[in-house]
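Participant: First, the structure itself, so that you have it in front of you.
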Amino acid sequence: MASRPGLLTEWPWTPLGSFKYLVLAPLVIDSIYSYATMRDVDKLLILVVMVGRVVHSQMWISFARYKTAKGTKRIVNKSIEFNQVDRERTWDDQVIFNTLVIYLAKVYVLGTNTLPFWRLDGVVQVALLHAGPVEFIYYWFHRALHHHFLYSRYHSHHHSSIVTEPITSVVHPFAEHIGYTLILGIPLVTTLLCGTVSAASVTLYITYIDFMNNLGHCNFELIPRSFFSLFPPIKYLCYTPSFHSLHHTQFRTNYSLFMPMYDYIYGTNDKCSDSLYESLLEQEEEKPEAIHLTHLISLDSIYHLRLGFASFSSHPLSSRFYLVLMKPITLIISFVLTSFSSRTFVFERNRFGDLTLHSHLLPKFSSHYKSQQQKESINKLIETAILEAEKKDVRVMSLGLLNQGEELNGYGEMYVRKYPKLKIKIVDGTSLAAAVVVHSIPAGTREVLFRGQITKVARAIVISLCQSGIKVMVLHKEEHCMLARFIGGDCKENLVLTTNDYPMIWLVGDGLSKKEQKLARKRTLFIPYSQFPPRELRKNCFYHTTPAMTIPDSAQNIDSCENWLGRRVMSAWRVGGIVHALEGWEEHECGLEVPMVNPPRVWEAALRNGFKPLVFPSLDVVY
74 MASRPGLLTE WPWTPLGSFK YLVLAPLVID SIYSYATMRD VDKLLILVVM
124 VGRVVHSQMW ISFARYKTAK GTKRIVNKSI EFNQVDRERT WDDQVIFNTL
174 VIYLAKVYVL GTNTLPFWRL DGVVQVALLH AGPVEFIYYW FHRALHHHFL
224 YSRYHSHHHS SIVTEPITSV VHPFAEHIGY TLILGIPLVT TLLCGTVSAA
274 SVTLYITYID FMNNLGHCNF ELIPRSFFSL FPPIKYLCYT PSFHSLHHTQ
324 FRTNYSLFMP MYDYIYGTND KCSDSLYESL LEQEEEKPEA IHLTHLISLD
374 SIYHLRLGFA SFSSHPLSSR FYLVLMKPIT LIISFVLTSF SSRTFVFERN
424 RFGDLTLHSH LLPKFSSHYK SQQQKESINK LIETAILEAE KKDVRVMSLG
474 LLNQGEELNG YGEMYVRKYP KLKIKIVDGT SLAAAVVVHS IPAGTREVLF
524 RGQITKVARA IVISLCQSGI KVMVLHKEEH CMLARFIGGD CKENLVLTTN
574 DYPMIWLVGD GLSKKEQKLA RKRTLFIPYS QFPPRELRKN CFYHTTPAMT
624 IPDSAQNIDS CENWLGRRVM SAWRVGGIVH ALEGWEEHEC GLEVPMVNPP
674 RVWEAALRNG FKPLVFPSLD VVY
């Protein structure tokens, strides 16, 4: 929002929220009917172009976020935060608006007349009209928008984003977009009046505008030096991301749309443009100090990655109605991703003080980890990722979600045994996860019920509680026998088998059944110790989140959520790797036989580095 919002700031369909595409329903119905009856096939082309524009922009978003995660030729070394993602979630409003304008022009100007597919003279006219009147008028219109009256009411909304992404290019108030549409529409209206317009010239011009807009707002330089060395004057006809980035950091230079010639003519070109461009081309790819290796969960999680839908990934993972409609596309993407991706890849970059953390994705879903046939290939991918990180002098790699499964690789012990001279430290995050769960139990609790798969985290929690004098009850004899083997001395008395006594605090993991949840008393608090949350079947009970911590305020480039966790919250397993790297510990924290790092040490180190425990809002009321 602009600092002093002016007239026509909001889009007309803003109140519709996620259902804003409903304004196109009459257009869609009419286009399909016209095509089916062969009355007017051009209307359907309008819809095809609209969908193409959305897909085109999304491809730029994914590509740009991948490149900035790698740290390749980054222009502005500042972070993007949630407030920018929220502000830019309306990037597709201009697609809706332009679609409506073109549709109305088709209905009320062209009528049932069909446009020719191609006319060379029309394409040439569009190119000349853009380079001349459009670029000239836009330049002065843009300069006018930087006058304090218009800037405070309109253009400041766009300039709120110092670090730009491709979609930043079209994030403007509604009134501003009306002006842009009138200016950019000059070539199309002129060729229409001259009778030289064609379907190709309209589509190519719209694609050119979108392409250049997206390119210019990338926060990395991607145009090679050879592009300008072949024909040096082209620098006046095509801008670069670094050229336009200076406009967002300096504000009073580089006003041009796509062709910098008017900045050079009127002396508003930034004198640092060339030197910045050259310095970025020499910039080497960033090397992280720590890597967190995770994987996909469900089909919808493809879009929840930071490389996916920006707005969707900025909220905890949940089902959305439009994802149901996209199911066929999702299945194709998931097949290609899991079948043809032979290595892990970076999808997120975060900063914690001087520490750079990269998050890498292993292209497999949770369901793959349950298959014995996938076990070997998954371990091979993890092993390759570890060895590649070793070559890049990465200090720590944490294994997230099922990448550290006991049956898969023994909590990472397989790799340490196979490569005993590894310099990179493998962290499974067990110690911190166990400490988080223990500290999530309300103060004064004397007894808890344990139910779920007995994992390394579960054993650590039960041992800690029994040693602290807290009674741990279990429902099944097999679980009691398995846990009792790890508890020594008088502490065994605190491990109790029960069949009818159910405390108000339940520690739950994978394997908790619906029937067992029904045994809990009203207002019971379920605290998960597993990687995945239990199904919330009881409306009269409380469910804590999976082991996680709030990250420090100083952490940078946090603009997406980790699976089902809230904003600026990370899983304990991920935090465990970060803390390991920040503290510079020289031992591995993985495997069943490796002595666990003392939980208080890891917990205290996490607090010392600014991580905070999650506060469950209902605890003070209930307990």
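Start counting the sequence shown at 74; every next residue gets the next number (our numbering).
We put the beta carbon where it would ideally sit given N, CA and C, even for glycine.
Only a predicted model underlies this, so the values are computations on that prediction, with no experimental measurement involved.
#1: Quick test of the definition: if touching needs 3 or more C-beta pairs under 8 angstroms, does the region 574–581 touch the region 522–541?
#2: What does the alpha-carbon distance come out to for the pair V168 and H228?
#3: Taking just the CA atoms, how far does G340 sit from F408?
#4: For the candidate residues A557, V199, F155 and P297, whose alpha-carbon lies nearest to that of Y280?
#5: When the Cα of L100 is compared with those of K116, R112 and T110, which residue comes out closest?
#6: Would you call the region 391–403 and the region 367–379 in contact, with 3 or more CB pairs under 8 angstroms?
#7: Can T163 be considered in contact with the ligand SAM, in the sense that its beta carbon sits closer than 7 angstroms to one or more heavy atoms?
#8: Cutting at 6 angstroms between CB atoms, please list the residues of its own chain near H129, excluding the five before and the five after it.
#9: Ignoring anything shorter than 3 residues, give me the beta strand (DSSP E) runs that lie fully in the region 545–584, in order along the chain.
#10: What would DSSP say about Y488, mapped onto helix, strand or coil?
#11: State the Cα-Cα distance for the pair E659 and K595, rounded to the nearest angstrom.
#12: Excluding sequence positions up to five away, which residues of its chain have a Cβ less than 8 angstroms from the Cβ of D33?
#13: Using 8 angstroms as the threshold, is the C-beta distance between I148 and L353 below it?
#14: By how many angstroms is the C-alpha of V270 removed from the C-alpha of T417?
#15: Pull up the CB-CB distance for V652 and A679, whole angstroms please, since I reckon it's below 8 angstroms.
#16: So Y212 and Y335 are supposed to be a Cβ contact under 8 angstroms. How far apart are they, rounded?
#17: Return yes when the Cβ of L428 is within less than 8 angstroms of the Cβ of L95, no when it is not.
#18: Which of the three DSSP states is assigned to S471 in this structure?
#19: When the Cα atoms are used, what is the spatial distance from G517 to P576?
#20: Can you tell me which of the three DSSP states M123 falls into?
#21: Which whole-angstrom value describes the C-beta separation of P314 and L288, a residue pair presumed to lie in contact below a C-beta threshold of 8 angstroms?
#22: In angstroms, rounded to a whole number, what distance separates the CA positions of F155 and H231?
#23: Quick one: what does DSSP say G79 is sitting in, helix, strand or coil?
#24: Between L261 and the rest of its own chain, which residues show a CB-CB distance below 8 angstroms, the 5 nearest in sequence each way excluded?
#25: If you drop the 5 nearest sequence neighbours on each side, which residues of the same chain put their C-beta closer than 8 angstroms to that of T263?
#26: My output table needs one value for Q477: the three-state DSSP class, helix, strand or coil.
#27: Using CA atoms only, rank isn't needed, just tell me which of F222, I406, E208 and P401 is closest to Y337.
#28: According to DSSP, is F136 helix, strand or coil?
#29: What residue does the alpha helix (DSSP H) around V158 start on, and which one ends it?
#30: Taking DSSP as the reference, what is the three-state secondary structure of V694?
#31: Of the choices I259, L538, F324 and D466, whose alpha-carbon is the least far from that of L218?
#32: With distances taken from CA atoms, which of V196, I134 and R162 is nearest S91?
#33: Excluding the 5 residues preceding and the 5 following V694 in the sequence, name in chain order all residues of the same chain whose CB lies nearer than 7 angstroms to its CB.
#34: Just to confirm the assignment, what range does the alpha helix (DSSP H) spanning F425 have?
#35: Taking only the alpha-carbon atoms, compute the straight-line gap between P749 and K465 and give it to the nearest angstrom.
#36: Would you mind stating whether S603 and T618 have Cβ atoms separated by less than 8 angstroms?
Facilitator: Reading off the structure:
#1: yes
#2: 19 angstroms
#3: 53 angstroms
#4: Residue identity differs from the one stated: residue 280 is Thr in this sequence, not Tyr. Taking only the C-alpha atoms, the option nearest T280 is V199.
#5: K116
#6: yes
#7: As for the ligand SAM, it is missing from this structure, which has no ligand bound.
#8: D283
#9: 568–570 and 578–581
#10: Three-state result, Y488: helix.
#11: 47 angstroms
#12: Outside the displayed span of the chain (74 to 696) sits residue 33, for which this structure offers no information.
#13: Contact flag set, yes.
#14: Looking at the two C-alpha atoms, the distance is approximately 47 angstroms.
#15: 5 angstroms
#16: About 4 angstroms separates the CB atoms of Y212 and Y335; that is less than 8 angstroms, so the two are in contact.
#17: no
#18: strand
#19: 13 angstroms
#20: helix
#21: The pair is a contact, with the Cβ atoms about 6 angstroms apart (cut-off 8 angstroms).
#22: One C-alpha to the other measures close to 16 angstroms.
#23: When DSSP states are grouped into helix, strand and coil, G79 belongs to the coil group.
#24: V199, V270, S274, V275 and Y278
#25: Q198 and L202
#26: helix
#27: E208
#28: Correct three-state label for F136: helix.
#29: F155 to R160
#30: Per-residue confidence for V694 stands at a pLDDT of 42, beneath the threshold of 50, marking its modelled position as unreliable; the derived number appears in the next sentence. Of the three classes helix, strand and coil, the one that applies to V694 here is helix, per DSSP.
#31: Nearest option by C-alpha distance: F324.
#32: Ranking the options by Cα distance to S91, first place goes to R162.
#33: Its pLDDT being 42, under 50, V694 is placed unreliably by the model, and the measurement read from it follows with that caveat. No residues qualify anywhere along the chain.
#34: It is not in any alpha helix (DSSP H) - F425 instead sits in the beta strand (DSSP E) that spans F418 to F425.
#35: Since the first residue of the chain shown is 74 and the last is 696, residue 749 is not available in this structure.
#36: no
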